[in-house]
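The next block holds one structure in the form of structure tokens; read it before the comments.
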Amino acid sequence: MNLQQIPNAIFKDLSFIKDLFLYGNKLTTLPSSISHLTNLKRLLLQQNWLTASGIPNEITKLTNLEQLDLRYNRLDGPLPTCICGLYNLEHLLLTYNKLTHIVDEIKYLKRLSVLVVSRNLIRQDLPSSIGELTKLVKLDLSFNHITFLPDSIGKCTSLRDLNLQHNQLTKLPDSIGNLVNLCRLSIKTEKVKKQAEYVESNRQVKENIRADKQKYVEKLATTAENDAREGNMKQLHDTTKKLTGIHSKPERPVKNEEGEPVTGIQEQRNRQVECIKELLNRSAPLNPLDIEAAPTDISIDVTPPSSDEEIMTIGHIKSGKAAGPDNIPAKAVKSDIEVTAKILHVLLRMI
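Just so we're aligned: 324 in full-length UniProt numbering is position 324 of the sequence shown, and the numbers increase by one with no gaps anywhere.
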């Protein structure tokens, strides 16, 4: 759906609802009447257009809320403090927003076990109050601009998954060693930096190649114009071949017995006839070869080919093969191989 707004009075008589799924719409704000959903446990709002100002303070009255999903929205600035008033919240998902920092009030989410704030714009250091989230099992801060972790992170002893990938951290606090239950620690950053450098260098190289090629072509075009103006046809021809990229192999001239080139068409034909006669009409060798006869004649099948052999042979014909004297292209022969094979089968038996 494409809901852009929810009527304010719609939730007043729906206090019994436990799950509310409004994801995949175009909501920019939530109505204040959402405070009536006092039994709500799951609120899924991902893939909307919600901003920080669109989260009403009345949301703090959802005292039973355990899961809040705000991924793929437009939350900007600091994390809304009203969210930190959801004291029973266990899962808070904020991926793909524009949050700039996490507020100190995060410490009030004592029951929080999963906090995902990846792919935001967090530049400020994490508040030291993050260490008061002692039930935190997963903390994902990847793809931000965080430069420093507070020592208090070592108090989150329930942490099993800590993702710090693709930030600007230069060192980790010693208190990381206190996270005795940690199963996964992700801190990869160098690869992305090198990859970004490679992409930028590759882009510059390609731009330089295109610029140099353009200059080269423009220079050739100018040379061709000058040659045409001056009547230098040979140079013009050579330059045009460079511009078009067409390079034909030079034909070897026909020469007479003295080694001089023969230019006339009829003279060239006569010379070719002479060469063939010289090659074929030779005298018998002085020492003829003595080739022994084979002990037995080789059995050669001279019966007409079978239909299967004809079909196989037709199938092996290249589609781009030029037409023969009958002007029948290969594609036409292969258009219906079985019919062609039947016709050839009759003709071959008549030969």
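We put the CB at the ideal spot given by N, CA and C, even for glycine.
- Counting every other CB atom within 10 Å of its CB across the protein chains shown gives Y72 a total of 16 or more, marking it as buried.
- Remark: fewer than three beta-carbon pairs, one from each stretch, lie closer than 8 Å, so the stretch 154 to 166 and the stretch 201 to 210 are not flagged as touching.
- Of the candidates D308, L179, G259, the residue whose Cα lies closest to the Cα of L162 is L179.
- Partner residues in the beta bridge of L99, as assigned by DSSP, are G77.
- Segment contact: the stretch 297 to 314 against the stretch 268 to 285, fewer than three CB-CB distances shorter than 8 Å; contact not assigned.
- Comparing alpha carbon positions, the residue from L99, H91, I6, T95 closest to K110 is H91.
- Annotation: N270 is outside any beta strand (DSSP E); the continuous alpha helix (DSSP H) that includes it extends over 265 to 280.
- Secondary structure of H237 (DSSP, three-state): helix.
- D212 and T222 have their alpha carbons spaced roughly 15 Å apart.
- A direct Cα-to-Cα measurement between L44 and L94 gives close to 11 Å.
- Separation of E310 and K342 (C-alpha to C-alpha, rounded to the nearest whole angstrom) is 9 Å.
- Sequence-distant Cβ neighbours of F143 in its own chain, meaning closer than 6 Å and more than five residues away, are S118, R119, H166.
- Residue pairing by DSSP places V114 opposite H91, K138 in a beta bridge.
- For S335, the secondary structure class from DSSP, reduced to helix, strand or coil, is coil.
- In the DSSP annotation of this structure, the continuous segment of the beta strand (DSSP E) that includes D69 starts and ends at 67 to 69.
- Within its own chain, the residues whose Cβ lies closer than 6 Å to the Cβ of T38, once the five positions on either side in sequence are excluded, are S15, listed in chain order.
- In the displayed model, N178 falls within a helix according to three-state DSSP.
- Here S129 has D104, I106, K107 as same chain residues with Cβ atoms under 7 Å from its own Cβ, once five neighbours each way along the sequence are excluded.
- D227 sits in a helix when the DSSP states are folded into three classes.
- In this structure, the beta-carbon distance from Q46 to K26 does not fall below 7 Å.
- Apart from sequence neighbours up to five positions away, the residues of its chain that approach K255 with a beta-carbon distance below 6 Å are P261, ordered along the chain.
- According to DSSP, K255 shares a beta bridge with P261.
- Between S33 and N64, the gap from beta carbon to beta carbon reaches 7 Å or more.
- Cβ-Cβ distances below 8 Å link L50 to L27, T28, T29, L30, L70, N73, R74, L75 in the same chain, with the five nearest sequence neighbours on each side left out; the list follows chain order.
- For D308, the enclosing alpha helix (DSSP H) starts and ends at 307 to 315.
- Secondary structure at L159: coil, using DSSP grouped into helix, strand and coil.
- Annotation for S186: the continuous beta strand (DSSP E) segment containing it runs 184 to 186.
- Ranked by Cα distance from L243, the options R252, T263, Q214 are led by Q214.
- Counting along the chain, L20 sits inside the beta strand (DSSP E) bounded by residues 19 to 21.
- Nearest in C-alpha terms to S306, of all of E274, H345, T170, is H345.
- Look at R123 here: in three-state DSSP terms it is coil, with no helix or strand label.
- Secondary structure of L243 (DSSP, three-state): helix.
- Each of A293, S113, L126, L169 was checked against the Cα of P78, and the nearest Cα belongs to L126.
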